[in-house]
Amino acid sequence: MDDRLLELRVRNFRSLRDITLPLGPVNVMVGPNGAGKTNVLEVFRFLADIVRTDLEPALERRGGLESILFRGDRADDFLQIDLSGTWDAQTVAGHYTLKLTGPVLAREERFVFDFADGTRRLTQVEGASASMETLAPDGSVREILAPPPFRLDESRLGEAALGINPLSSGLSTLSRLAPGMGGAQVRSLADFLDSFKIVQIDVEAAAKPSRMRGTKFSAIDSDASNLAISLLSLSATEAWEFLVADAVAVLPQLEDIDFEHPSGPAREVVVVLRERGLRDPTQLADASYGTIRLLSLLALLYDPRPPALTCIEEIDHGLHPQALELLVNRIREQSKRTQFLIATHSPAFANRLTPDELIVCERSADGSSIIPAISNEKVKEIVAASEGLPLGELWFSGALGGDL
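Dropping the structure here:
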């Protein structure tokens, strides 16, 4: 995939006092409870919520800025998130910075887009004003599109912009600028962030029948509560036979997956499993915890239109080691279409990873997270010195850090 994150830097977000995390196609975080794995995932949920609801609602949902700031010793009341990546076909690289300060809430944003000819477009937003300029390859200012303190005016939409609420995100406002002012690039970034999916499977909800949602394809929801309708949608695609084959491979009693449509105004879909030796099919509601989680993950991995970033918490829960082997293989295959950020406590899952896919997480004495706690190069050195021991065993032994 061309659109992907290359690096995340976070300062003062919960336990993330100051981390810089390089990101590849597959990224799997391991470490003890409280090390900060969930907080990394929550950064991406926060950014997606900003695009979907705007800045103030996203903060209010989390109890305000003070509730998400690092609670240990810190010099300043600010939170900063920096992203680097590729998310627009017209540019070769992009950079986005969001800085929030308190106790009176204020926000600053910085958008940088690098073009193939070496030029760079820089947009900075602070309060209700913005500055926009194009820089030459040598860093000199080639063109000032809007000198500071440029105030965006709704009456001139498409020329030089629109009203900016001092506490509204530029991700929503600046995307309405004319293409020559950088609106298309901001829109690409906003769409990129909006697509992020942070998955926490609710097995009880996933086991229930799903209500039909019309004829559109139904991708699986973040909590898998629409698993039945998602599987039904997938059954009409070329991916279905591969999904069923994967499920049969790790569920020895399973022969096929089918659907029932109980009559009634609810227009529900029920997943039924046809199992070896049983005359009647088993409804998904009567299936095991691990079976429901596996089918939810397969529905996610076979999504024909995946998000730019797929985050999965505790991917290993309830799954047999043989299923973990299959999931790692499918994740690598699908990483050509979506980037993965995964959290696990399973040495068996980590055993199947390469050093470039492993992110060891620790918590320091001052309460801040250390992510990554060890470089990929150092992990490779330790693996070589161990004569090729699997990563999960090395991590569980404490050789890589991130242990209890």
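Counting in full-length UniProt numbering, the sequence shown runs from 1 upward without gaps.
The beta-carbon is built from N, C-alpha and C at its ideal position, and this holds for glycine as well.
Since we're looking at a predicted model, the values are computed, not measured.
Burial check for R211: the Cβ neighbour count within 10 Å stays below 16, so the residue is exposed. Rounded to the nearest whole angstrom, the C-alpha separation of V141 and G182 is 16 Å. Q253 counts as exposed, since fewer than 16 other C-beta atoms from the protein chains shown sit within 10 angstroms of its C-beta. In the three-state reduction of the DSSP assignment, V43 falls in the helix class.
Cβ contact annotation for M29 (same chain, cutoff 6 Å, sequence separation greater than five): K37, A343, I359 and C361, in chain order. With respect to the 9 Å criterion, P307 and K216 are not classified as neighbours on the basis of their beta carbons. Note on geometry: alpha-carbon atoms of S168 and G31 lie some 36 Å from one another.
With a cutoff of 9 Å on beta-carbon distance, T291 and L341 are scored as not near each other. The beta-carbon separation of S172 and A190, rounded to 7 Å, stays under the 8 Å limit for a contact. Here DSSP, grouped into helix, strand and coil, assigns L294 to helix.
Rounded to the nearest angstrom, the gap between the Cα atoms of E108 and A136 is 24 Å. Going by beta carbons, L353 and L391 fall inside the 9 Å limit.
Non-local beta-carbon contacts of S222 in its own chain, meaning distances under 8 Å to residues more than five positions away in sequence, involve K197, I198, V199 and Q200 in chain order. Around the C-beta of L278, fewer than 16 other C-beta atoms lie within 10 Å, and the residue is accordingly described as exposed.
Bridge partners of N27 according to DSSP: L341. Taken in chain order, the complete alpha helix (DSSP H) segments of 4 residues or longer contained in the segment 27-113 are 37-53, 55-60 and 65-68. L295 places its beta carbon 9 Å or farther from that of L327.
Cβ neighbours of S175 within its own chain (closer than 6 Å, five residues either side excluded): G183, V186, R187 and A190. The beta carbons of V203 and G318 sit closer together than 9 Å. In this chain, F196 is not harboured by any alpha helix (DSSP H), its DSSP state being neither H nor E. If the five residues before and after E357 are omitted, its C-beta is found closer than 6 Å to the C-beta atoms of V26 and V28, all from its own chain and listed in chain order. In the three-state DSSP reduction, E255 falls in the strand class (E or B).
Proximity of the segment 3-15 to the segment 65-74 meets the contact definition, three or more beta-carbon pairs being nearer than 8 Å. L5 has its alpha-carbon roughly 26 Å from the corresponding atom of S364. Of the residues G85, A239, E387 and R293, the one whose Cα lies closest to the Cα of L193 is G85. Here DSSP, grouped into helix, strand and coil, assigns I229 to helix.
The beta-carbon separation of P209 and E275, rounded to 19 Å, does not stay under the 8 Å limit for a contact.
Residue G24 holds the alpha-carbon nearest to the alpha-carbon of T338 among I382, Q322, G24 and S218. DSSP places A239 in the coil class of the three-state scheme, outside both helix and strand. Beta-bridge annotation (DSSP): F13 is paired with L16 and L69. DSSP, read as helix, strand or coil, puts I315 in coil. The Cβ atoms of L98 and Q80 lie closer than 9 Å to each other. Straight-line spacing of the CA atoms in E333 and W240 works out to 16 Å. Taking 9 Å as the cut-off, the beta carbon of L234 is found no closer than this to the beta carbon of A285. In the three-state reduction of the DSSP assignment, A308 falls in the coil class, being assigned neither a helical nor a strand state. Here P372 is buried: its Cβ has 16 or more other Cβ atoms, across all protein chains shown, within 10 Å.
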